[in-house]
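Notes follow once the structure below has been shown.
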Amino acid sequence: GEEVAQTPKHLVRGEGQKAKLYCAPIKGHSYVFWYQQVLKNEFKFLISFQNENVFDETGMPKERFSAKCLPNSPCSLEIQATKLEDSAVYFCASSQGGIGIQYFGAGTRLSVL
Amino acid sequence: GIQVEQSPPDLILQEGANSTLRCNFSDSVNNLQWFHQNPWGQLINLFYIPSGTKQNGRLSATTVATERYSLLYISSSQTTDSGVYFCADFNDYKLSFGAGTTVTVRA
């Protein structure tokens, strides 16, 4: 597609429940990035992929967060046993090469109650 | 990682006014992007500007990589310019964002 497509737009989970977010990058883009926006203005990098391979996962809280990019499927970000502090907007971005313009999806707002 | 400082944190403008937003970086600038996050939360690409000056309608941006800063100019502001403006630099294989400038344009 011509834009980064993220689903769902909103997700509400009770504390301890699982949350799964999806991202379809722009067609032809090899790199996918996940960012978490908390407190309205603070962005935190989570993980990046080059095609289906993890490129950089230094931002991932590994005990509860996992992510995948499989061929012919949207990428996914999964949070096991959500906590209140996971409430945030999760953005996915894609780029053609590792360096260059990143195009962002509309985000998924996760509310953990 | 690189530290990104944006100023001012908040800006209130009367419709038609001009303004300048600034980003300072703690390290050399590699691949700088400016974004506008509208009131609905959407992040819109404004400029990809590693160096030099670019213009797009009423907006223009200048990056002086050697002096580690970038400026975003908004001319003849309109209410639709309201939102949060972010700069981000691609450094260490990820975008590092500033804290944003919240712009409110009043009719």
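Here the protein sequences line up with chains A and B, keeping their order. Counting in this note's numbering, the first sequence runs from 2 upward without gaps. Counting in this note's numbering, the second sequence runs from -8 upward without gaps. Cβ coordinates follow ideal geometry from the N, Cα and C atoms, glycine included. Bear in mind the structure is a predicted one, so any value in this text is a computation, not a measurement.
Residue closest to residue i, alpha-carbon to alpha-carbon, out of the options
i	options	result
B/Thr57	B/Asn21, B/Ser67 and B/Tyr84	B/Asn21
A/Ala82	A/Val13, A/Ala20, A/Ala6 and A/Pro9	A/Ala20
B/Leu63	B/Tyr84, B/Asp83 and B/Asn15	B/Asn15
B/Tyr76	A/Tyr23, A/Glu43, A/Trp35 and A/Lys84	A/Glu43
A/Arg65	A/Thr8, A/Gln7, A/Glu53 and A/Glu16	A/Glu16
A/Glu53	A/Lys63, A/Ser88, A/Leu40 and A/Cys24	A/Cys24
B/Gly43	B/Arg59, B/Trp31, B/Asn36 and B/Phe88	B/Arg59
B/Ser19	B/Thr95, B/Ser61 and B/Pro(-1)	B/Ser61
A/Cys70	A/Glu86, A/Ser112 and A/Cys93	A/Cys93
B/Gly89	A/Gln18, A/Leu85 and A/Phe46	A/Phe46
Close Cβ partners of residue i (< 8 Å) along its chain, the five nearest in sequence each way excluded
i	result
B/Leu86	Gln24, Ala79 and Asp80
B/Arg97	Ile3, Leu4, Gln5, Glu6 and Thr70
A/Gln51	Ser31, Tyr32 and Gly99
Beta-carbon contacts of residue i that lie in its chain and below 6 Å, excluding the five residues immediately before and after
i	result
A/Arg110	His11 and Val90
A/Ser67	Glu79
B/Ala52	Trp25, Phe38, Ile40, Lys45 and Leu63
B/Asp1	Thr93
A/Phe56	Ser49 and Phe50
A/Leu22	Leu78, Tyr91 and Thr109
Span of the beta strand (DSSP E), counted from its first residue to its last, around residue i
i	result
B/Trp25	Leu23 to Gln28
B/Ser73	Run containing B/Ser73: none; DSSP gives neither H nor E here.
B/Glu(-4)	Val(-5) to Ser(-2)
B/Trp31	Counting along the chain, B/Trp31 falls outside any beta strand (DSSP E), and DSSP gives it neither H nor E.
B/Val96	Thr92 to Arg97
A/Ala107	Where A/Ala107 is concerned, there is no enclosing beta strand (DSSP E), given that its DSSP letter is neither H nor E.
A/Gln7	Ala6 to Thr8
B/Lys85	Lys85 to Phe88
B/Ser17	From DSSP, B/Ser17 is part of no beta strand (DSSP E); its letter is neither H nor E.
Own chain residues within Cβ distance below 7 Å of residue i, not counting five before or after
i	result
B/Ile65	Asn9, Ser10, Arg49, Leu50 and Asp72
A/His30	Ser95, Ser96 and Gln97
A/Ile27	Gly2, Glu3, Glu4, Val5, Ser95 and Tyr104
B/Ser17	Ile(-7) and Gln(-6)
Buried versus exposed, by CB contacts within 10 Å (16 or more), residue i
i	result
A/Ile48	buried
A/Gln37	buried
B/Ser68	buried
B/Val(-5)	buried
A/Trp35	buried
B/Thr54	buried
B/Asn29	exposed
Cβ of residue i within 8 Å of any chain D Cβ
i	result
B/Asn22	As a matter of chain content, chain D is missing from the structure shown, whose protein chains are A and B.
Where are the alpha helix (DSSP H) runs, 4 residues long or more, that stay fully inside the segment 46 to 88 of chain A, in chain order? none
Could you name each continuous beta strand (DSSP E) segment of 3 residues or more that falls completely within the segment 44 to 73 of chain B, going from the start of the chain to the end? 50 to 55 and 60 to 65
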